[in-house]
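Each remark here refers to the structure printed beneath this line.
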Amino acid sequence: METKPWYVPGKWYTSPYNWDPAVRCQMEGIPHRVYLRDVTMREGEETVGAIISPESRVDLALKLDELGVDAIEMPKLDSHEAVGELVKTFRRAGVKTRIAYFSAKLRGNWKKEIDRAAKVEPDILDLHFSFSPREIFSDFQDGISKEEILKVVDEAVPYACGRVKEVAFGWSKTTRSHLDTVKTVYSAAAQAGASHLHIYDSRGSVFPFAVKYLVQELKKVAGDASISIHCHNDFGLAVANTLAAVEGGAHWCEVAVNGLGDRAGNSSLEEVAASLEILYGVKTGIKLEKLYALSKFAEKITGVPCQRNKAIVGENAFLEESASHMMQVKESTEEGLPEANVPFMAEVVGQTQRYVYGSSTFWGGALEAKIEAMGLRPSPQQLGEIRRTLYEEICKKRFLTEDEVEQFLSRWGN
Ligand SMILES: [Zn+2]
9 METKPWYVPG KWYTSPYNWD PAVRCQMEGI PHRVYLRDVT MREGEETVGA
59 IISPESRVDL ALKLDELGVD AIEMPKLDSH EAVGELVKTF RRAGVKTRIA
109 YFSAKLRGNW KKEIDRAAKV EPDILDLHFS FSPREIFSDF QDGISKEEIL
159 KVVDEAVPYA CGRVKEVAFG WSKTTRSHLD TVKTVYSAAA QAGASHLHIY
209 DSRGSVFPFA VKYLVQELKK VAGDASISIH CHNDFGLAVA NTLAAVEGGA
259 HWCEVAVNGL GDRAGNSSLE EVAASLEILY GVKTGIKLEK LYALSKFAEK
309 ITGVPCQRNK AIVGENAFLE ESASHMMQVK ESTEEGLPEA NVPFMAEVVG
359 QTQRYVYGSS TFWGGALEAK IEAMGLRPSP QQLGEIRRTL YEEICKKRFL
409 TEDEVEQFLS RWGN
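The opening residue of the sequence shown carries number 9 in the numbering used here; numbering runs sequentially from there.
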């Protein structure tokens with residue numbers, strides 16, 4: 009079979025519609041390369057029950073570096089000094105990727121804030137405005153005025169540019185803020201020297217088409233600054249919104265391993281990376297084959313289990329028990345098209361395709377095919393007995409592995 013963007017033998021078989029010119033022309037601003045910033049250590053640890061020990065932070069940073077993320081966001085610690093020590097530990101351990109620090113608050117004594125945050129020596133320092141809900145809701149008719157915000161931006165951004173390599177600017181709940189205000193202030197930040205502009209969907213309250221529109225509008229006034237997107241999963245749309253932002257021209261995506269994060273979590277690193285690489289054909293620098301091992305590592309060090317049916321890295325993502333699917337796999341393998349039953353092969357993301365025997369295995373001919381493959385010839389009455397006994401066992405254990413079924417059948421054969 010001929011390789012096409014949507015069909016790569018041995019790797020993936022996706023939909024040709026993804027590459028239809030009529031579809032592609034609607035996302036002309038999509039970048040060829042997208043940069044992933046991992047927020048697992050900061051927002052991931054905000055997941056209820058997640059705790060990452062100091063030693064594990066170093067191991068996680070090394071693994072993220074090895075995976076190919078373009079920036080690692082530092083965790084919140086007691087003091088800037090403690091974060092600075094951790095940055096030094098990362099560097100001594102061999103972490104080479106950019107270090108991002110979400111810290112410098114622009115209200116109150118912002119010069120002191122920037123000075124202290126700059127001592128951490130991050131590659132990217134986030135200048136962050138914190139507004140009260142009423143200030144955003146009233147479009148700054150209450151509390152701080154737009155003029156005051158612009159004055160701080162005009163002074164603080166160049167001040168920070170003189171102290172760190174890259175300056176980022178943004179405020180929480182950007183997706184709840186008025187468009188004209190966002191454009192005016194973010195544009196001022198870009199003109200003052202910010203090289204990253206953060207859109208935060210902090211309360212997961214936007215849908216894909218709207219976030220794409222926001223990115224497109226912001227790009228009109230962003231100059232050379234790149235747009236970074238940060239989404240929460242309150243409606244289960246964090247990944248869809250992140251991808252929509254990329255379609256609109258966002259170059260940076262903020263993501264967390266296993267979609268960890270407060271409430272319903274942040275945009276999942278695995279899902280964003282695999283979708284961009286496989287569905288969109290956008291480069292991310294991520295070594296997809298390391299995703300599963302990283303997910304398992306994150307489970308271990310945070311104490312938060314990954315949901316079984318999670319896309320890409322969940323235990324069920326490449327585990328089948330349906331007899332009809334097993335028969336389709338057999339058929340497509342015989343036809344030389346093993347990718348036909350999955351969108352992408354398990355090995356692409358470091359997983360292994362496996363099969364188990366559960367209640368839905370008993371429909372169709374999968375059990376008979378297994379019995380035949382083992383060279384057994386039970387009578388119809390014996391086959392009925394095998395089915396009954398296996399089903400009782402499955403009801404007790406929920407499902408049986410292929411090994412367990414083979415052992416059972418071997419015993420029966422003797
Ligand atoms: Zn967030």
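We treat Cβ as the ideally placed atom computed from N, Cα and C, and that holds for glycine. Being a predicted model, the structure only gives us computed values, none of them experimental.
For ligand 1, no non-hydrogen atom lies closer than 8 Å to the CB of V247. Using a Cβ distance threshold of 9 Å, V128 and V175 do not count as a contacting pair.
Unbroken alpha helix (DSSP H) stretches of 4 residues or longer found wholly inside the stretch 241-307: 246-256, 277-282, given in chain order. Between the stretch 371-382 and the stretch 400-408, the count of Cβ pairs shorter than 8 Å is below three; the stretches do not touch. Check the Cα spacing between P24 and each of Y288, I122, E225: the tightest is with Y288. A Cβ-Cβ separation of about 16 Å leaves E278 out of contact with L245 under the 8 Å criterion.
Contact between A164 and H204 does not hold, since the beta-carbon distance rounds to 15 Å and is not under 8 Å. Judged by beta-carbon spacing, R41 lies within the 9 Å limit of V290, meaning their Cβ atoms are closer than that value. D46 is a Cβ neighbour of I80, given a cutoff of 9 Å. Around L327, the same chain offers R362, V364 as residues with beta carbons nearer than 7 Å, after the five sequence neighbours per side are excluded. Around G201, the same chain offers V165, P166, C169, V175 as residues with beta carbons nearer than 7 Å, after the five sequence neighbours per side are excluded. Each residue's CA atom was taken as its position, placing I157 and V190 some 11 Å apart.
Taken in chain order, the unbroken stretches of alpha helix (DSSP H) that lie wholly in the stretch 349-414 and span 4 residues or more are 374-381, 388-405. Using a 10 angstroms sphere on the CB of T292, the tally of other CB atoms reaches 16 or more, which defines it as buried. DSSP places D209 inside the beta strand (DSSP E), whose first and last residues are 204-209.
K84 carries a coil assignment under DSSP once its states are collapsed to helix, strand and coil. Taking 8 Å as the cut-off, one finds no heavy atom of ligand 1 near enough to the beta carbon of V91. The three-state reading of DSSP puts F177 in strand, counting E and B together. Taking 8 Å as the cut-off, one finds at least one heavy atom of ligand 1 near enough to the beta carbon of N274. In this structure, the C-beta of V47 approaches ligand 1 to less than 8 Å from one of its heavy atoms. By the CB criterion at 9 Å, D131 and R106 fall inside the cutoff. For the beta strand (DSSP E) assignment, the uninterrupted runs of no fewer than 3 residues enclosed by the stretch 30-60 are, from N- to C-terminal side, 43-46. At least one heavy atom of ligand 1 lies closer than 8 Å to the C-beta of H238. P17 sits away from N26, with the two beta carbons spaced by 9 Å or more. The Cβ-Cβ distance between T183 and I207 falls below 9 Å.
Pairing G57 with G311 gives a Cβ-Cβ distance under 9 Å. Annotation for R106: the continuous beta strand (DSSP E) segment containing it runs 106-113. Taken through DSSP and simplified to helix, strand or coil, D123 comes out as helix. Around the C-beta of R271, fewer than 16 other C-beta atoms lie within 10 Å, and the residue is accordingly described as exposed.
Around the Cβ of K119, a 10 Å sphere holds fewer than 16 other Cβ atoms; the residue is exposed. Here H259 is not near Y109, since their CB atoms are 9 Å or more apart. By the neighbour-count criterion, in which 16 or more other beta carbons inside 10 Å mark a residue as buried, P388 falls on the exposed side. Taking the C-beta atoms as reference points, G269 is found no nearer than 9 Å to Q224.
Separation of the CB atoms of E262 and S303 is rounded to 18 Å, and the pair is thereby denied contact status at 8 Å. By the Cβ criterion, the stretch 327-337 is in contact with the stretch 345-355, since at least three pairs of Cβ atoms, one from each stretch, lie closer than 8 Å.
DSSP places S146 in no beta strand (DSSP E); its state is neither H nor E.
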